[in-house]
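K.L.:
Listed in order, the protein sequences are those of chains A and B.
Following my numbering, the residues of the first sequence are numbered contiguously, the last one being 288.
Following my numbering, the residues of the second sequence are numbered contiguously, the last one being 646.
Take a look at the following structure, please.
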Amino acid sequence: MSAKTVNHRAWWLVLPVVLLVGFNAVVPLMTVVNYSVQETFGNNRFFFEGVKWFSEVVHSARFHDSLKRQLIFTAIILAIEIPLGVAIALAMPRKGFWSSVCLVLMSMPLLIPWNVVGAMWNIFALPDIGLLGWTLNKLGLDYNYTRQPFAAWATLIAMDVWHWTSLVALLAYAGLSAIPDAYYQAAKIDGASGWAVFRHVQLPKLKHVLTIAVLLRFMDSFMIYTEPVVLTGGGPGNATTLLSIDLVKIALGQFDLGPAAAMSLIYFLIILLLSWLFYRVMTLGEEG
Amino acid sequence: MAKIRLEQLRHSYLAKPAREADWALKQVDLQWNDGGAYALLGPSGCGKTTLLNIVSGLLRPTTGRIRFGDEDVTDSPPDRRNIAQVFQFPVVYDTMSVYDNLAFPLRNRGVPEAQVDSRVREIAALLDLEAMLPQRAAGLTADGKQKISLGRGLVRSDVNVIMFDEPLTVIDPHLKWRLRSQLKELHQRIGMTMIYVTHDQTEAMTFADRVVVMHEGTVVQVGTPVELFERPRHTFVGHFIGSPGMNILPCEVEHGVARFAGLPVPTFNSSSGAAAGSRTEIGVRPEFVRFADQGIPVRVVRVADAGRHQIVETRHGDAVIRVLLDEHDPVPQYQAHLGFDPAFTHLYVDGWLAGEAP
C-alpha cells in the first residue's frame, strides 16, 4: 500500500455544507440552549440562571403529565399501527390490477395535509352533525369527544391510525415484495404452515423495513402537533395535551422562553434516546 | 421411491394459449427410473425450469398427467409429493441455526423430536455440516447454504426425488467442481433419484447418467452423454453439446444419398423418403472431420489454439466447417480438402435425424 497523501486544503470543499448545517441547525439549536440557561425580561435583558429551568421542568408535575400522555399515546399507536400495517400488507394482492388499486388507495391518507386530517376528523366525529359521532350516538353510545376524555383519546387514536397505518403497510408491502419466490416454494416443499412461513420467512425478511417503520412512527407520533390541536386543542381540559402542545402553550401562550427552551432540549434528548434504544433493540444480534 | 412418469405434459403460462409459441412446454413424455441421476439440459427459456416446477408441484400442467409409481400426483401440492428441491439461489431460514434448518421439514410433519435429532445428525455427517450445526445459517457461505438446502431435502426419509435447479449458479468456480463431485458421490451412496437442471453441458455430462436435452419446449433427445455426442437426434443437440458444436451443412439428397459441394457424402443414416421441400442437412462433429488429399474443397480461414487441440475454421462457399486437430498436427495452408468419417456423419431432415423423426 502506498502512503496516503494528506492535503488539508480538501477541508475547504466541505465548507459549504458545514455553513449550511451551521445556519439551519446548529445556530437555532444554540439559541435555544442560550434561552434555556437565562431569565428573559423585556427590552432584551437577560440574566444567567444556570440549570434552574431544567430542574424546574424536570420536577414539574405538568411536564410529567404531558410526558406520560405522550408515552401512552405513542405506545398505543405503535401497538396498533405496526401489526395492523403488516397484516394489511400481507392481505394485499402481490401483482395485477388490484395491487395497483390497493397501493393508490393506501397512499391517499398520506397525501392529505395534517391540519386537513385534523379538521376532517373534527367534523366527522362531531356528536350532533358528524357522521361518526351522530352514528355512535344513534347506536346508543354516549359519545362526545369535546367533553369526554376517553372519547377524545379514542378519536385521536382512530385518526392517527387512519392517517399513518398506510405508511407501515406500504413499507411492509415493499419488504414482502422483495422476498424471492424460491423462499415460498422451499417453504411449501418443507411443509411449512402459513404461520411458519410468516414466522420464519416473512418476518425475518421484514425486519429491516419494520425497524424503519417503527422509528418513523415513533418519532412522528412523539412530535405530533397539528392533528390533535385541530381536533381537540389538547382538551377536554388537558386530557389530550401531548408534549408538543404543552410546549407551544408554554413558549407562545405564556411566553416563558427559558422553561420552554429547557423543555425543548429535554424533549429532543428523550426522542434521541428512545430512537437509539429502539434501533439497538431491533438490530440486536445483527453484527458478527 | 418410485418411477416418475410424465405423460403428454403440456403447459402454458397464458390462460388461453392460441399459437404454438404460447406453450412453454409443447409436449413432453418422459420416464425417470428410480435411483437414476438425470440432467435436464437446455438454454434459457427452453422450458426446463417449467418442467421441474411441474414435477415438484409448484406448477400444475395445463394438460397431461404426472405419476409417481402408480399414484397420479398431478393435483397434489408439493408437500404431498415427497420431493425435495434445491434452488438456484440458496434458500435458508436466516433466523434459525443450521440444526433447526435441517430439522424444519421434519418438525413441520410432526416427527418425534428424538427421531428428528438422529436424522439431522446423520445428514449433517453426510454433508460435512456437523461442525456448523449450532451456527446461525445466515452466516454461512453460499456453498454451505446450498448444502443446507440439500440437507433439508435429505433429512426426510420418504423423499422420492431430489431436484436441483441450476444449484451452482452462485458458487465460486473453484468450489463448483468440489460440490459437483460431492453430489455425484452422494448419489452413488444414497441411490436416490436426482434431477439436475442446468444450461451448462459440462455440469450435465459429469453429473448425469442420462441427459434430457430440451429445446423450445420439447425434449429433443434423452440419452447417455456418449449417445448425445455420437448420435445427436436433432441438429440442436449437435451444436448445443460439444465444443465447438457440430458442423451443420445444407445438402441435397439424391436417391437417398446426401450430396454436398456436388460430391456424394456417405452418411451413417440415410433418408429414403425425404419429402420434397423439406430442409436437409449433414451434421458432422469437428472431431470426425479430417484433412484429406481429395474430397470437399475448402479454404482455411483461421486456426484457434484451444490448448491440447486446435480448432481450424474452413469454408466452402458460405458454409463454415470446423475441424478439430491435435495440438501438433500440421495445418494445411490456404486450400485443402476435407473428408468426413461416415460412421459419425449424419443426415438430418427438418432438424431431425433422418429416419427418426418424432
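We put the beta carbon where it would ideally sit given N, CA and C, even for glycine.
Once DSSP output is grouped into helix, strand and coil, what is the label at B/Lys-314?
P.N.:
Residue state, collapsed to three classes: strand.
K.L.:
So what's B/Glu-473 in DSSP terms, helix, strand or just coil?
P.N.:
Here B/Glu-473 sits in helix by DSSP.
K.L.:
Select from the region 565 to 584 of chain B all residues with a C-beta closer than 7 Å to any C-beta belonging to chain A, and list them in chain order.
P.N.:
Correct list: empty, as no residue qualifies.
K.L.:
Under a three-way DSSP split, which group does B/Gln-621 fall into?
P.N.:
Here B/Gln-621 sits in coil by DSSP.
K.L.:
CA-CA distance, B/Leu-340 and B/Val-485?
P.N.:
Straight-line Cα distance between these residues: approximately 8 Å.
K.L.:
How many angstroms separate the CA atom of B/His-628 from the CA atom of B/Gly-335?
P.N.:
What sits at residue 628 of chain B in the sequence shown is Phe, not His. Computed Cα separation, rounded: 34 Å.
K.L.:
Is the number of C-beta pairs between the region 438 to 449 of chain B and the region 365 to 381 of chain B that are closer than 8 Å three or more?
P.N.:
Contact holds: three or more Cβ-Cβ distances are below 8 Å.
K.L.:
Among the residues of its own chain, which have a CB less than 6 Å from the CB of A/Ser-221, if the five just before and after it don't count?
P.N.:
For A/Ser-221, where only same-chain residues beyond five positions count, the Cβ hits under 6 Å are Thr-74, Ile-77.
K.L.:
Less than 8 Å between the C-beta atoms of A/Gly-118 and A/Val-248, yes or no?
P.N.:
Going by C-beta atoms, A/Gly-118 is not nearer than 8 Å to A/Val-248.
K.L.:
Report the rounded CA-to-CA distance for B/Cys-539 versus B/Val-545, giving the unit in angstroms.
P.N.:
Whole-angstrom Cα-Cα distance: 10 Å.
K.L.:
Short of 7 Å in beta carbon distance, which residues of its chain neighbour B/Ala-306, apart from the five on each side in sequence? Order them along the chain.
P.N.:
No residues qualify anywhere along the chain.
K.L.:
Can you list, in chain order, the residues of its chain whose CB lies under 8 Å from that of A/Arg-149, leaving out five sequence neighbours each side?
P.N.:
This sequence places Pro at residue 149 of chain A; Arg is not what is there. Hits under 8 Å: Pro-236, Gly-237, Ala-239, Thr-240.
K.L.:
Going along chain A, which residues have a C-beta under 8 Å from B/Arg-440?
P.N.:
Here the neighbours are Ala-186, Asp-190.
K.L.:
How would you write the range of the alpha helix (DSSP H) that B/Gln-440 sits in, first residue to last?
P.N.:
For the sequence presented, residue 440 of chain B should be read as Arg rather than Gln. Per DSSP, B/Arg-440 belongs to the alpha helix (DSSP H) from 430 to 442.
K.L.:
What does DSSP give as the partner residue(s) for B/Arg-498 in the beta ladder?
P.N.:
Beta-bridge pairing links B/Arg-498 to B/Tyr-326.
K.L.:
Where does the unbroken beta strand (DSSP E) through A/Ile-224 begin, and where does it stop?
P.N.:
Per DSSP, A/Ile-224 belongs to no beta strand (DSSP E) and is neither H nor E.
K.L.:
Identify whether A/Leu-277 lies in helix, strand or coil by the three-state DSSP scheme.
P.N.:
Looking at A/Leu-277 - three-state DSSP - the assignment turns out to be helix.
K.L.:
Rounded to whole angstroms, what's the CA-CA distance from B/Val-586 to B/Leu-626? Just pull it up for me.
P.N.:
Rounded to the nearest angstrom, the two C-alpha atoms are 7 Å apart.
K.L.:
With a CB to CB cut of under 6 Å and the five nearest residues on each side skipped, what residues in its chain are close to B/Arg-369?
P.N.:
So the list reads Gly-345, Val-361, once near-sequence residues are dropped.
K.L.:
Consider the Cβ of A/Tyr-145: report whether some Cβ of chain B lies at a distance smaller than 8 Å.
P.N.:
No, because no Cβ of chain B sits closer than 8 Å to the Cβ of A/Tyr-145.
K.L.:
Answer yes or no: does any C-beta atom of chain B fall closer than 8 Å to that of A/Ala-182?
P.N.:
Yes, A/Ala-182 lies at the interface with chain B (some Cβ there is under 8 Å from its Cβ).
K.L.:
Determine whether the Cβ of A/Ala-196 lies closer than 8 Å to any Cβ atom of chain B.
P.N.:
Closer than 8 Å: yes.
K.L.:
Once you ignore the five residues that flank B/Tyr-387 on each side, which residues in its own chain have a CB closer than 7 Å to its CB?
P.N.:
Around B/Tyr-387: Val-408, Leu-421, Pro-422.
K.L.:
Roughly how many angstroms separate the alpha carbons of B/Leu-394 and B/Val-404, rounded to a whole number?
P.N.:
Looking at the two C-alpha atoms, the distance is approximately 6 Å.
K.L.:
On the criterion of 16 or more Cβ atoms from any shown chain inside 10 Å, does B/Tyr-301 qualify as buried, or is it exposed?
P.N.:
Exposed.
K.L.:
Taking Cβ-Cβ distances shorter than 9 Å, what residues in chain A pair up with B/Pro-422?
P.N.:
Neighbours of B/Pro-422 on chain A: none; closest Cβ ~14 Å, over 9 Å.
K.L.:
Where do the ends of the beta strand (DSSP E) carrying B/Lys-535 lie?
P.N.:
Per the sequence shown, residue 535 of chain B should be read as Asn rather than Lys. Per DSSP, B/Asn-535 belongs to the beta strand (DSSP E) from 535 to 538.
K.L.:
Taking Cβ positions, are A/Trp-153 and A/Glu-227 nearer each other than 8 Å?
P.N.:
Taking 8 Å as the Cβ cut-off, A/Trp-153 and A/Glu-227 do not qualify as a contacting pair.
K.L.:
In this structure, does DSSP put B/Glu-569 in helix, strand or coil?
P.N.:
It is a strand residue.
K.L.:
Helix, strand or coil: how does DSSP classify A/Glu-39 here?
P.N.:
A/Glu-39 falls in the strand class under three-state DSSP.
K.L.:
If we count the other Cβ atoms within 10 Å of its Cβ and call it buried at 16 or more, is B/Val-343 buried or exposed?
P.N.:
Buried: at least 16 other Cβ atoms inside 10 Å.
K.L.:
By a C-beta neighbour count over all protein chains shown, 10 Å radius and 16 as the cutoff for buried, is B/Glu-401 buried or exposed?
P.N.:
With fewer than 16 Cβ atoms within 10 Å of its Cβ, B/Glu-401 is classed as exposed.
K.L.:
Once you ignore the five residues that flank B/Leu-471 on each side, which residues in its own chain have a CB closer than 6 Å to its CB?
P.N.:
Contacts found: none.
K.L.:
Which residues, in order along the region 202 to 213 of chain A, keep a beta-carbon less than 7 Å from a beta-carbon of chain B?
P.N.:
For the region 202 to 213 of chain A, which is checked against every Cβ of chain B, the residues closer than 7 Å are Pro-204.
K.L.:
Can you pull the chain B residues whose beta carbon is under 8 Å from the beta carbon of A/Ser-193, in chain order?
P.N.:
Ordered by position in chain B, the residues that pass the 8 Å Cβ test against A/Ser-193 are Asn-396.
K.L.:
Among all the DSSP beta bridges, which residues are the ones paired with B/Gln-509?
P.N.:
In DSSP, B/Gln-509 forms a bridge with B/Val-501.
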